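Quick note, the sequences are listed as chains A and B, same order.
Using our numbering, the first residue of the first sequence is number 22, and each one after it goes up by one.
Using our numbering, the first residue of the second sequence is number 22, and each one after it goes up by one.
Structure, as structure tokens:
Number of protein chains: 2
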Amino acid sequence: MLDQQRVDQVFHALGDANRRSMLERLSRGPASVSQLAEPMSLTLAAVVQHLQVLEQSGIIRTEKVGRVRTCSLAPQGLRLAERWINERMNLWERRLDRLGDLLAEDTQSEPQPKKHERKKP
Amino acid sequence: MLDQQRVDQVFHALGDANRRSMLERLSRGPASVSQLAEPMSLTLAAVVQHLQVLEQSGIIRTEKVGRVRTCSLAPQGLRLAERWINERMNLWERRLDRLGDLLAEDTQSEPQPKKHERKKP
DNA sequence: CTGTTGGTCAAGCATGGACTTAAGTATAGG
DNA sequence: CCTATACTTAAGTCCATGCTTGACCAACAG
């Protein structure tokens, strides 16, 4: 649970639409900083700042060769987010299943409706 | 592609550690507002504000009965985020596969890499 | 009724984050 | 060497967001 820090960074990074749009571009292949900047209505400097956030969170990886920095996706960063989400959903759905089972058992002895329904007072 | 708005809301909502911690709590079962607030070092009002963000993004669902509002996870919200992530990762990994195939073909005929590669000075 | 609990609303503050401009560095090309 | 390219860094602006306080309201207990 020490990667809570990382999870935090990753989700924070994903929380920005511009950064996500850069990620969409990168998911179709590596790109240089200025290639990434071109379709955006942002300064190059701003793009660089976003890239720093993305790299620090581990979502992308960059390498500078000559004077051009090439960025590419590092799926293990995204996988962290995916795992977090899956864990929450699994927990929740398993809970629903167990609950369903209990209700099913009850209906054998008591004349209750099958699903989880509430009455209005 | 009109749910870009929704995707934005969901990721923004997930971008906050306090909100995620509430989601962790909720993934183990529904809870009232004050139950959610209790383990956090936040005012009740602040918690309520976070809950509004979470509900508007579709990640949770809340229902008020009497004077207590009960919150529960709505997995379809999280599923939206999961899908976005999966799509990016799939695209990227498929690309890597195709690239691997190309390289494999090339190594049969030519011992040189095809594309623009530079040496480090 | 009164008091308490559980939650809501409305300002307001204060910090952080996104962006910009501007100046600087290093590399490629002629 | 000179210039253009491809970033990089620093500094400052500005707005969104997170949080607090304080007043308020509705439901239930006694």
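The beta-carbon is built from N, C-alpha and C at its ideal position, and this holds for glycine as well.
If you're wondering where the values come from, they're calculated on a predicted model, not measured in any experiment.
Is there at least one non-hydrogen atom of the ligand GDP closer than 7 Å to the beta-carbon of His33 of chain B? As for the ligand GDP, it is missing from this structure, which has no ligand bound.
Whole runs of the alpha helix (DSSP H) within the region 25-90 of chain A, excluding any shorter than 4 residues: Counting only runs that start and end inside the region 25-90 of chain A, the alpha helix (DSSP H) elements of at least 4 residues fall at 25-35, 38-48, 54-58 and 65-77.
Beta-carbon spacing of Met43 of chain B, Leu57 of chain B below 8 Å: For this step, residue 43 of chain B is matched to residue 22 along the second sequence. For this step, residue 57 of chain B is matched to residue 36 along the second sequence. Result yes, Cβ atoms of Met43 of chain B and Leu57 of chain B sit closer than 8 Å.
Three CB pairs or more closer than 8 Å across the region 94-103 of chain A and the region 82-93 of chain B: No contact exists between the region 94-103 of chain A and the region 82-93 of chain B.
Given Phe32 of chain B, which residues of its chain have a CB within under 7 Å of its CB, disregarding the five upstream and five downstream residues? Stepping through the second sequence from its first residue, residue 32 of chain B is reached at position 11. If we look at Phe32 of chain B and ignore the five residues flanking it on each side, its Cβ neighbours are Ala102.
Whole-angstrom distance between Gln70 of chain B and Gly36 of chain A, CA atom to CA atom: As a working note, residue 36 of chain A is residue 15 in the first sequence. As a working note, residue 70 of chain B is residue 49 in the second sequence. Taking C-alpha positions only, Gly36 of chain A is separated from Gln70 of chain B by approximately 18 Å.
If contacts are defined as beta-carbon pairs under 8 Å, then Trp105 of chain A and Val28 of chain A qualify, I think. What distance do you get, rounded to the angstrom? Here residue 105 of chain A refers to the residue found at position 84 of the first sequence. Here residue 28 of chain A refers to the residue found at position 7 of the first sequence. Between Val28 of chain A and Trp105 of chain A the Cβ distance is about 6 Å, and since that is below 8 Å, they are a contact.
Please report whether the beta-carbon of Cys92 of chain A lies at a distance below 8 Å from any beta-carbon of chain B. As a working mapping, residue 92 of chain A is identified with position 71 in the first sequence. No, Cys92 of chain A does not count as interfacial toward chain B.
Consult DSSP for Pro134 of chain A and reduce its assignment to one of helix, strand or coil. One-based indexing of the first sequence puts residue 134 of chain A at position 113. Since pLDDT at Pro134 of chain A reaches only 42, below the 50 mark, its modelled position is unreliable, and no value is offered.
Please classify His137 of chain A: is it buried, with 16 or more other beta-carbons within 10 angstroms of its beta-carbon, or exposed? Along the first sequence, one-based indexing puts residue 137 of chain A at 116. Low confidence applies to His137 of chain A: its pLDDT is 38, below 50, so where it sits in the model is not reliable enough to give any reading.
In angstroms with no decimal places, state the Cα-to-Cα distance between Ser55 of chain A and Arg46 of chain B. The count along the first sequence starts at 1 and reaches residue 55 of chain A at position 34. The count along the second sequence starts at 1 and reaches residue 46 of chain B at position 25. Separation of Ser55 of chain A and Arg46 of chain B (C-alpha to C-alpha, rounded to the nearest whole angstrom) is 42 Å.
So which residues of chain B does His33 of chain A contact, with C-beta pairs closer than 7 Å? Within the first sequence, the letter at position 12 stands for residue 33 of chain A. Ordered by position in chain B, the residues that pass the 7 Å Cβ test against His33 of chain A are Gly36.
Have a look at Arg109 of chain A and Ser48 of chain B and give me their C-alpha separation to the nearest angstrom. Looking up residue 109 of chain A in the first sequence gives position 88. Looking up residue 48 of chain B in the second sequence gives position 27. Approximately 5 Å, taken between the alpha carbons.
Chain B contact residues for Glu84 of chain A, given Cβ-Cβ distances below 8 Å: Locating residue 84 of chain A in the first sequence gives position 63, where the first residue counts as 1. Ordered by position in chain B, no residue passes the 8 Å Cβ test against Glu84 of chain A, which lies about 10 Å from the chain.
Could one say the Cβ of Arg41 of chain A lies closer than 8 Å to chain B's Cβ atoms, at least one of them? Taking the first sequence and counting its residues from 1, the one referred to as residue 41 of chain A is at position 20. Yes, Arg41 of chain A counts as interfacial toward chain B.
Spatially closest choice to Leu94 of chain B from B:Gln26, B:Arg41, B:Met61 and B:Arg88, by CA coordinates: Against the second sequence, residue 94 of chain B aligns to sequence position 73. The shortest Cα separation from Leu94 of chain B among B:Gln26, B:Arg41, B:Met61 and B:Arg88 belongs to B:Arg41.
Closer than 8 Å to chain A by CB, Arg116 of chain B: One-based indexing of the second sequence puts residue 116 of chain B at position 95. Chain A contact via Cβ: present.
Between the Cα of Arg115 of chain A and those of B:Gly50, B:Ala38, B:Arg88 and B:Gln30, spot the shortest distance and give me the residue it belongs to. By 1-based counting over the first sequence, the position of residue 115 of chain A is 94. If we check each option's Cα against that of Arg115 of chain A, B:Gly50 comes out closest.
Which residue from B:Asn39, B:Gln30 and B:Gln26 puts its Cα closest to that of Gln26 of chain A? Within the first sequence, the letter at position 5 stands for residue 26 of chain A. The shortest C-alpha separation from Gln26 of chain A is found at B:Asn39.
At least one CB of chain A closer than 8 Å to the CB of Gly79 of chain B: is that the case? Taking the first residue of the second sequence as position 1, residue 79 of chain B is located at position 58. Nearest CB-CB separation between Gly79 of chain B and chain A: not below the 8 Å threshold.
Which of the three DSSP states, helix, strand or coil, is assigned to Arg139 of chain A? Here residue 139 of chain A is taken as the residue at index 118 of the first sequence, counted from 1. Low confidence applies here, because Arg139 of chain A scores a pLDDT of 36, under 50, leaving its location unreliable and the question unanswered by this model.
By alpha-carbon positions, which one of B:Cys92, B:Glu59, B:Gly79 and B:Val68 ends up nearest to Val30 of chain B? Position 9 of the second sequence, counted from the start, is the residue given in the question as residue 30 of chain B. The sequence shown places Gln at residue 30 of chain B, not Val. The shortest C-alpha separation from Gln30 of chain B is found at B:Gly79.
Please list the partners that Ala102 of chain A has in chain B, where partner means a Cβ-to-Cβ separation under 7 Å. Numbered from its first residue, the first sequence carries residue 102 of chain A at position 81. Per Cβ cutoff of 7 Å: Ile106.
Can you confirm whether Glu45 of chain A, when its beta carbon is compared against all beta carbons of chain B, has any partner nearer than 8 Å? Locating residue 45 of chain A in the first sequence gives position 24, where the first residue counts as 1. It does: the Cβ of Glu45 of chain A has a partner Cβ on chain B nearer than 8 Å.
Considering only residues of the same chain and omitting the five flanking positions on each side of Val74 of chain B, which have a CB-CB separation below 7 Å? As a position in the second sequence, residue 74 of chain B is number 53, starting the count at 1. Around Val74 of chain B: Ala34 and Arg40.
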